[in-house]
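Heads up, the thing below is written out as structure tokens.
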Amino acid sequence: IANKKGQTLIHFAAVRGNMEIVQMLIDDYAADVNAQDNDGNTPLLLAAKNRKWEIVKMLIDKDSKNSADYKIANNDGLTLIHLAAEKGNKEIVQMLIDDYAADVNAQDNDGNTPLLLAAKNREWEIVKMLIDKDSTYSADYKVANKKGRTLIHFAAKRGNKVIVQVLIDDYAADVNVQDNDGDTPLLLAAKNRKWKMVKMLLVKDSKNSADYKIANADGQTLIHLAAIGGNMEIVQMLIDDYTADVNVQDNNGNTPLLLAASNCKWEMVKMLIDKDSKYSADYKIANKKGQTLIHFAA
1 IANKKGQTLI HFAAVRGNME IVQMLIDDYA ADVNAQDNDG NTPLLLAAKN
51 RKWEIVKMLI DKDSKNSADY KIANNDGLTL IHLAAEKGNK EIVQMLIDDY
101 AADVNAQDND GNTPLLLAAK NREWEIVKML IDKDSTYSAD YKVANKKGRT
151 LIHFAAKRGN KVIVQVLIDD YAADVNVQDN DGDTPLLLAA KNRKWKMVKM
201 LLVKDSKNSA DYKIANADGQ TLIHLAAIGG NMEIVQMLID DYTADVNVQD
251 NNGNTPLLLA ASNCKWEMVK MLIDKDSKYS ADYKIANKKG QTLIHFAA
């Protein structure tokens with residue numbers, strides 16, 4: 001008998017991690033080990049979602065009659081390898097690849113691979129394992145999800161310098177790759193205030209050197225995002241070392257100065273309108289709504 005979610009006793013026992021009940025249902029009652037609930041989850045997937053790894057191991061034991069199908073996907077397109085990567089279980093991921101030849105680049109409905117889900121959830125040990133060049137697990141770091149994001153986007157967004165460096169050094173990953181919103185790893189790092197990552201990606205004359213002039217779909221470049229984030233050091237660096245245009249406008253006509261003011265970054269504003277400095281921005285520029293600096297300062 002199933003409840004409104006389509007779950008039967010074997011689903012509940014798997015969620016709770018009760019091996020004895022799961023075993024009894026399979027042995028004595030020939031319960032369907034691959035029964036899916038309304039969300040498409042099997043007992044195996046529910047056990048993985050709830051980190052009941054002993055149940056997972058029992059259910060994918062090759063030599064037992066309970067052997068569950070690890071390839072079944074739920075309604076989100078997630079299979080066991082996705083969930084094991086997302087939850088950070090290296091042992092299960094390794095087992096699936098080594099013993100079951102599971103597809104390490106399988107994509108869910110959002111286009112996320114196990115590698116991308118691990119990065120999204122900061123499971124960096126899984127990420128390192130999956131991109132190790134000398135291993136059999138070598139996953140494709142270039143696969144993009146439906147938002148156009150690849151591993152380097154997630155690693156930059158999360159501020160993981162080690163992974164970004166590995167991608168650049170060992171794989172010559174494109175540091176300027178844009179997602180569907182036009183954001184590069186550099187822009188995502190800035191949006192998420194990962195300033196150490198931004199600095200690393202800006203190092204002049206290095207192979208990591210990212211293009212600070214690339215604009216996203218909103219017409220915003222690094223100097224806009226640094227102004228929004230109130231990072232005076234990055235703005236100064238862009239103007240001093242890179243001769244970035246301090247008056248560059250985004251799609252709404254906002255300059256770094258206007259964005260700093262609209263986000264109440266007054267120290268940034270002061271720096272940008274200091275008469276005696278080389279940062280001197282044009283306070284008279286209006287955005288597309290006709291707003292100038294004085295509107296935001298009022």
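Positions 1 to 298 (UniProt numbering) are the ones given, in order, by the sequence shown.
Cβ coordinates follow ideal geometry from the N, Cα and C atoms, glycine included.
Please read all numbers here as calculations on a predicted model, not as lab measurements.
Check, Outcome
"For V246, the three-state DSSP class (helix, strand or coil)", "coil"
"Member of N50, A101, L116 and L59 whose CA lies at the smallest distance from the CA of H82", "L116"
"For T255 and N247, the rounded distance between their alpha carbons", "5 Å"
"Per-residue burial, I10 [other beta carbons within 10 Å of its own, 16 or more giving buried]", "buried"
"Close-in-space but distant-in-sequence residues of the same chain around K213 (CB under 7 Å, 5 per side omitted)", "T221"
"Neighbourhood of K288 by C-beta distance below 6 Å, restricted to the same chain and skipping five residues each side", "N252 and G253"
"Secondary structure, beta strand (DSSP E): runs of 3+ residues fully inside the UniProt repeat \"ANK\" (39–71)", "none"
"Three-way DSSP call (helix, strand, coil) for V203 in this model", "coil"
"Assigned exposure category for V203 - 16 Cβ within 10 Å defines buried", "exposed"
"7 Å Cβ shell around K133 - same chain, five flanking residues per side excluded", "D170"
"Close-in-space but distant-in-sequence residues of the same chain around A297 (CB under 8 Å, 5 per side omitted)", "A261 and V269"
"Enclosing alpha helix (DSSP H) for A260 [first to last residue]", "P256 to S262"
"Reduced DSSP category for L167 - H, G, I as helix; E, B as strand; rest coil", "helix"
"Assumed close pair G111, N74 - CB separation to whole angstroms, cut-off 8 Å", "Rounded, the Cβ-Cβ distance is 16 Å, inconsistent with contact."
"Sequence-distant residues of the same chain with beta carbon closer than 8 Å to A118, five excluded per side", "A85, E86, G88, W124, I126, V127 and L130"
"Nearest neighbour of M95, chosen from H224, D61, A144 and L259 [CA to CA]", "D61"
"Secondary structure of V33, DSSP reduced to three states", "coil"
"Nearest-angstrom Cα separation, counted from D76 out to R149", "18 Å"
"Coil, strand or helix - I285 by DSSP", "coil"
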